[in-house]
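I have placed the structure first, in the form of structure tokens, so that the comments after it can refer back to it.
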Amino acid sequence: MSNITHLKELESESIYVLREVAAQFERPVILFSGGKDSIVIVHLAYKAFYPAKIPFPLLHIDTGHNFQETIDYRDALVSRLGAELIVGSVQESIDTGRVKEETGYYASRNKLQTTTLLDTIEKYHFDAAIGGARRDEEKARAKERFFSHRDEFGQWNPKNQRPELWNIFNGRKAMGEHFRVFPISNWTEMDVWQYILQEKIEMPSLYFTHERQVFERDGQWLAAEPCIKLKPTEQIVTKQVRCRTIGDITCTGLTLSTAHTLEDIIEEIAATRVTERGGRADDKRSETSMEDRKKAGYF
Amino acid sequence: MQLLRFSTAGSVDDGKSTLIGRLLYDSKSIFEDQLEAVETASKSRGNEEVNLALLTDGLRAEREQGITIDVAYRYFATPKRKFIIADTPGHIQYTRNMVTGASTADLSIILVDARHGVLEQTVRHSYISSLLGIPHIVVAINKMDLVDFSEAVFNRIVADYKKMAQTLHIQNINFIPISAKDGDNVVNRSEHMPWYTGSPLLEFLETVPVNKSASNVETDVQRAFRFPVQYVIRPISSRFPDFRGYAGRVASGIIRVGDRIKVLSSGLESVVSHITQTADELSEATPPQSITLQLADDIDISRGDILVKTDEPQPHQEQDLRLDVCWFNEQPLLPRTKYIVRQTTSETLAVVRTINYRRNINTLEKEPGVSQIKMNDIAEITIHTAQPLVFDDYRLNHITGSVIFIDPDTNETVGAGMIKTETIWNGHNSYVI
Numbered sequence: 037m038s039n040i041t042h043l044k045e046l047e048s049e050s051i052y053v054l055r056e057v058a059a060q061f062e063r064p065v066i067l068f069s070g071g072k073d074s075i076v077i078v079h080l081a082y083k084a085f086y087p088a089k090i091p092f093p094l095l096h097i098d099t100g101h102n103f104q105e106t107i108d109y110r111d112a113l114v115s116r117l118g119a120e121l122i123v124g125s126v127q128e129s130i131d132t133g134r135v136k137e138e139t140g141y142y143a144s145r146n147k148l149q150t151t152t153l154l155d156t157i158e159k160y161h162f163d164a165a166i167g168g169a170r171r172d173e174e175k176a177r178a179k180e181r182f183f184s185h186r187d188e189f190g191q192w193n194p195k196n197q198r199p200e201l202w203n204i205f206n207g208r209k210a211m212g213e214h215f216r217v218f219p220i221s222n223w224t225e226m227d228v229w230q231y232i233l234q235e236k237i238e239m240p241s242l243y244f245t246h247e248r249q250v251f252e253r254d255g256q257w258l259a260a261e262p263c264i265k266l267k268p269t270e271q272i273v274t275k276q277v278r279c280r281t282i283g284d285i286t287c288t289g290l291t292l293s294t295a296h297t298l299e300d301i302i303e304e305i306a307a308t309r310v311t312e313r314g315g316r317a318d319d320k321r322s323e324t325s326m327e328d329r330k331k332a333g334y335f
Numbered sequence: 003m004q005l006l007r008f009s010t011a012g013s014v015d016d017g018k019s020t021l022i023g024r025l026l027y028d029s030k031s032i033f034e035d036q037l038e039a040v041e042t043a044s045k046s047r048g049n050e051e052v053n054l055a056l057l058t059d060g061l062r063a064e065r066e067q068g069i070t071i072d073v074a075y076r077y078f079a080t081p082k083r084k085f086i087i088a089d090t091p092g093h094i095q096y097t098r099n100m101v102t103g104a105s106t107a108d109l110s111i112i113l114v115d116a117r118h119g120v121l122e123q124t125v126r127h128s129y130i131s132s133l134l135g136i137p138h139i140v141v142a143i144n145k146m147d148l149v150d151f152s153e154a155v156f157n158r159i160v161a162d163y164k165k166m167a168q169t170l171h172i173q174n175i176n177f178i179p180i181s182a183k184d185g186d187n188v189v190n191r192s193e194h195m196p197w198y199t200g201s202p203l204l205e206f207l208e209t210v211p212v213n214k215s216a217s218n219v220e221t222d223v224q225r226a227f228r229f230p231v232q233y234v235i236r237p238i239s240s241r242f243p244d245f246r247g248y249a250g251r252v253a254s255g256i257i258r259v260g261d262r263i264k265v266l267s268s269g270l271e272s273v274v275s276h277i278t279q280t281a282d283e284l285s286e287a288t289p290p291q292s293i294t295l296q297l298a299d300d301i302d303i304s305r306g307d308i309l310v311k312t313d314e315p316q317p318h319q320e321q322d323l324r325l326d327v328c329w330f331n332e333q334p335l336l337p338r339t340k341y342i343v344r345q346t347t348s349e350t351l352a353v354v355r356t357i358n359y360r361r362n363i364n365t366l367e368k369e370p371g372v373s374q375i376k377m378n379d380i381a382e383i384t385i386h387t388a389q390p391l392v393f394d395d396y397r398l399n400h401i402t403g404s405v406i407f408i409d410p411d412t413n414e415t416v417g418a419g420m421i422k423t424e425t426i427w428n429g430h431n432s433y434v435i
């Protein structure tokens, strides 16, 4: 009987998936957002190919609305690993007329990322995009495969996904198609943090409690930054907050909580009553927000 | 803490989704906002009580139809274990989904409605669990509240099930009477069934022994080391100019530094010089560890090769194979059709020679004289491969005994195959499967 811990087993599975990507595809790329899931993916990739370098570049789709801490962390990581960084710019997509900026109080560039992502994938001929999505995150991801086929329009069709048996992965595709691969599909939010603690991975400061100017909207605290238009009734206050999940500024809810260490974060998650993505305004738009965005080619 | 993967099978009316919702709810794995969303959705559908089944139905089409049409993975943990649930549909037209969800399961929960007992679908679900070689089956006899929590009803169903299962090769079957809706014997012991002295379901799931090898039963072949090579790591850097490591996951057995290995299919031999995980040196490795092996000799090894030990039972190397297949595609399986056959890391072209019989999975009868195999059918076929495959009987090793069929024109995965050989080491030639 095996005594392997769940974290070690999950790690082995993820490394297995990353090695399959390297073996089956010609030009894979790691989608890097600076959030904890993509940070873990990069760490796993480092382990999977050691002592060789990670055989894929990192791709960051920059909405232009990132927290500065995210950009700083990204740059430091890339420098430390000696990795290649490619940045896809949503601003550029807007400027070249590929997408139109949303307006109004609830304007966000979240949806626009899809076009920038697909354009960048096409430009660099990436045939596999590795992401840190997990199946426990959201309803529409519960059915996602490790190897998720996307058609030539980058679209995800739930009816067309290939069955995955015994961890045999079929990454065969026609020209112009690509795959999204999710090595940490079976990890939960708690697993990710426990792994970060076990591996002593350095994390962006946003995850820990800090002082910030915020305002309240629809029961959530958002960062008071120029990219969000304030309603006349909304007041800016200073609070001690942190992020449980990091998207761009317009859709990241900040929680009022004290967590100064990884152990604090883990304890808070264990006691919490709201899911990780409960603070994501982009998921709240409709019951099937994520599914609809996935169908259109989003992450 | 260990990880247990289990699949759940049952039809929409058996309460399977309610059971999962109950497991998550009672183990406090359901968060407030998820529950709130379900309460809102329940109300908008006119359900009076919170419909726990809505927690697991995710896609828009399902929510509209009220049934699950794919494999959904749910996660929860107790202080004792982490669990992954592969929630699979019960309808016969989704047999392929159940086969998929069952392929990585350590345990299968089969739901029976206490009012109806053993039905065709019970036979079907049990057969699939047995075919896929899931070592533990839990028959959860649900809706005991609707039969007055009767011990007699429970015992009768147990007897019927055991009779049906005689012809199946299932190692461990356990029976638990439950009521998913009210929570009896799911997480907490039922007050209504004092006659049941076994564990409630969750306690059983927390304590059942888990085997991470591709092999279930203990014989020499099952203990044999099998290592499909996934990827060759060659840094060719100034720090590691000569490093050549063979990366992969140990499928079965145990490998130690100093062991003599053979490469299949070349037959070349060498000795293991290093076993590493990142920068850590290990003295040995077991399933399901992902590792990197270095050898004493510089021999030609690539992805698709399988490493075995020279002093252990060897796998087969043949071009003519007999398999049980589950067909996934709308295009039926026909003799003389060519497919790509993919094992863990190796691949070859194959042509279908014969269809020996179709298995009626409701009655378990063999139907010979079938000319084609349709979607969701299970059948025995023979194939001829362009290159010899290195394999073990699926009964003895799930990794080296399993393949998928890929349509070379569409690239779709069209079928799943489990390889059968003439003799099985423990002497049992009389399986139904």
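Protein chains in written order, with the numbering used here: chain A, 37 to 335; chain B, 3 to 435.
All residues carry an ideal CB built from backbone N, CA and C; glycine is no exception.
Computed from a prediction, not measured in an experiment: that's the story for all the values here.
Against B/A79, the close residues of chain A are H42, T224, M226, D227, in the order they occur along the chain (beta-carbon pairs closer than 9 Å). At a cut-off of 8 Å between beta carbons, B/M3 contacts chain A. Residue contact check for A/A178 against chain B: a CB pair falls below 8 Å. At a Cβ-Cβ threshold of 8 Å, B/Y233 and B/I303 do not count as neighbours. Classified as buried, A/Q60 has 16 or more neighbouring CB atoms from the shown chains inside 10 Å of its CB.
Look at B/N99 here: in three-state DSSP terms it is helix.
In the DSSP assignment, A/V57 falls within the unbroken alpha helix (DSSP H) covering 42–60. For a cut-off of 8 Å, the C-beta gap from A/A165 to A/H214 is around 7 Å, short enough to register as a contact. Taking the Cα positions, B/D411 is about 16 Å away from B/E349.
The Cβ of B/T280 sits closer than 8 Å to at least one Cβ of chain A.
Of the candidates B/L336, B/I408, B/P315, B/I383, the residue whose Cα lies closest to the Cα of B/I342 is B/I408.
A/G124 sits close to A/L95, with the two beta carbons spaced by under 8 Å. Between A/S221 and A/R171 the beta-carbon gap is near 5 Å, inside 8 Å, which marks them as a contact. Pairing A/A259 with A/L290 gives a Cβ-Cβ distance under 8 Å. Below the 8 Å Cβ cutoff, chain A contributes P199 as neighbours of B/F330, in chain order. If you draw a straight line from the Cα of B/V274 to the Cα of A/P262, it comes to about 60 Å. In the structure shown, B/H127 adopts helical secondary structure according to DSSP, grouped into three states. Spatial neighbours of B/V120 in its own chain (CB-CB distance under 7 Å, excluding positions within 5 residues in sequence) are listed in chain order as V114, I159, D162, Y163, M166.
For B/A79, the enclosing beta strand (DSSP E) starts and ends at 74–79. Between B/I257 and B/I277, the C-beta spacing is below 8 Å.
B/L335 counts as buried, since no fewer than 16 other beta carbons sit within 10 angstroms of its beta carbon. Annotated three-state conformation of A/S74 is helix, per DSSP. B/R344 is not a Cβ neighbour of B/V231, given a cutoff of 8 Å. Apart from sequence neighbours up to five positions away, the residues of its chain that approach B/L323 with a beta-carbon distance below 6 Å are I385, I421, ordered along the chain. For B/E283, DSSP records a beta bridge to B/T278. The Cβ-Cβ distance between B/V189 and B/P179 does not fall below 8 Å.
Assigned with DSSP and collapsed to three states, B/M146 falls in helix. Taking 8 Å as the CB threshold, A/A165 stays off the interface with chain B. A Cβ of chain B is located within less than 8 Å of the beta carbon of A/F85. Going by DSSP, A/D155 is part of no beta strand (DSSP E) but of the alpha helix (DSSP H) stretching over 149–160.
Between B/N413 and chain A, the shortest Cβ-Cβ separation is below 8 Å. Going by DSSP, A/W229 is part of the alpha helix (DSSP H) stretching over 225–235.
Pairing A/E270 with A/T41, the inter-Cα distance amounts to about 48 Å.
Of the candidates A/P240, A/P268, A/L298, A/G133, the residue whose Cα lies closest to the Cα of A/Q104 is A/P240. The three-state secondary structure of B/V188, taken from DSSP, is coil.
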